[in-house]
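Colleague: In this note's numbering, the protein residues as written are 102 to 428. Just so you know, even glycine gets a beta-carbon here, dropped at the ideal spot from N, CA and C.
#1: On the three-pair Cβ rule with 8 angstroms, is the stretch 202-215 touching the stretch 175-191?
#2: Kindly give me the distance between the Cβ atoms of residue 295 and residue 271, rounded to whole angstroms, as I take these residues to be in contact under 8 angstroms.
#3: May I have the straight-line CA-CA distance separating residue 323 from residue 336, to the nearest angstrom?
#4: Please classify residue 163 as buried or exposed, where buried requires at least 16 neighbouring CB atoms within 10 angstroms.
#5: According to DSSP, what are the bridge partners of residue 152?
#6: Since residue 290 and residue 308 are thought to touch, with beta carbons under 8 angstroms apart, how far apart are those beta carbons, to the nearest angstrom?
#7: What residue from 317, 386, 111 and 240 has the CA that sits closest to residue 262's CA?
#8: Within 10 Å of its beta-carbon, does residue 256 have 16 or more other beta-carbons around it, so buried, or fewer, so exposed?
#9: Using DSSP bridges, identify the partner residues of residue 188.
#10: Rounded to whole angstroms, what is the Cα-Cα separation between residue 201 and residue 235?
#11: Closest by CA to residue 168, which one among 177, 178 and 155?
#12: Threshold first: 3 residues or longer. Then list the beta strand (DSSP E) segments lying entirely within the stretch 244-332, N to C.
#13: Contact between the stretch 410-420 and the stretch 113-132: three or more CB pairs below 8 angstroms?
#14: From the DSSP output, in three-state form, read off residue 225 for me.
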């Protein structure tokens, strides 16, 4: 079992900045919220897409003019707060990467180190017209709470990325965005057995492999929030999840389920999802992880079973309309 405390701030910055410096203004808001985060004792904190440079009205600055390096003064300041908090933090920002721009989410560790950087795989055409380059490598980082990855905004439109995270063994995927769509992530979570944390500037939620939405906030009346002054506010989404789980085919594992029940009893929970034909298996003990169960009972994830089927299809027919098997 891996109890994981996830905190998202749906930060909506002010439309105007008195000093005209939106990076400095937004960084100050992020740092103030990281002070607020102490009361939640989080393991992870997430903010919306490019929160460091989220646009003000009529300031006239381009992406190129507000881009920041990684590492840099902003990431250094957030890293210091992350270390004080003892939490992982995703800081989304427009990154200056040599001569290029990137839509990035900087992944900062609980001791203040930069663990890695996730780049948006599918920038909008407008972003690319402004010089933003697409990300090329789906990364997951190993933490004490499982393997963690991130995709950004428009990336969610591409279901193959959900598969890529599953191939990498992700347990928790963060999705900073400025949009509000999330239903596709419910499918990713159910199909592939990982949690998805979606956070934009007014809404946030954690989507579980069992189809539950936790800590959901929508920016309407009753949303728990932090009033930051000057028309800036942040909705607060907090959830505790167990990232030690996986998604498996019900039919393929029908005998395995009973064998696990006989061996481990109440230490393992089963959640049937008839709408997708899966069963989510969840470890409730520190003595046996899902990886232990997979090794002991030769359990096959739904992703692996689908891939095995795909390979057999292509052995039988070279004209299949399915995507070809991965190499």
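Modeller: To lay it out plainly:
#1: yes
#2: On the chain shown, residue 295 is found 194 positions in, with the first residue counted as 1. On the chain shown, residue 271 is found 170 positions in, with the first residue counted as 1. The pair is a contact, with the Cβ atoms about 5 angstroms apart (cut-off 8 angstroms).
#3: Looking up residue 323 in the chain shown gives position 222. Looking up residue 336 in the chain shown gives position 235. Each residue's Cα considered, the two are about 10 angstroms apart.
#4: For the purposes of this step, residue 163 is taken as the residue at position 62 of the chain shown. So residue 163 ends up on the exposed side.
#5: Taking the first residue of the chain shown as 1, we reach residue 152 at position 51. For residue 152, which the question treats as bridged, DSSP gives no partner whatsoever.
#6: What you label residue 290 is simply residue 189 of the chain shown in a count that begins at 1. What you label residue 308 is simply residue 207 of the chain shown in a count that begins at 1. Their Cβ separation, rounded to whole angstroms, is 5 angstroms, which keeps residue 290 and residue 308 in contact under 8 angstroms.
#7: The residue labelled residue 262 in the question sits at position 161 within the chain shown. Nearest C-alpha to residue 262: 240.
#8: Numbered from 1 along the chain shown, position 155 holds the residue referred to as residue 256. Residue 256 should be labelled buried.
#9: Within the chain shown, numbered from 1, the residue matching residue 188 stands at position 87. DSSP output for residue 188 lists no bridge partner at all.
#10: Walking along the chain shown from the start, residue 201 turns up at place 100. Walking along the chain shown from the start, residue 235 turns up at place 134. Between residue 201 and residue 235, the C-alpha separation is close to 10 angstroms.
#11: As a working note, residue 168 is residue 67 in the chain shown. Checked all of 177, 178 and 155; the closest Cα to residue 168 is 155.
#12: 247-251, 273-277, 296-300, 305-308, 314-318 and 326-330
#13: no
#14: Sequence index remark: in the chain shown, residue 225 carries index 124 (1-based). It is coil, neither helix nor strand.
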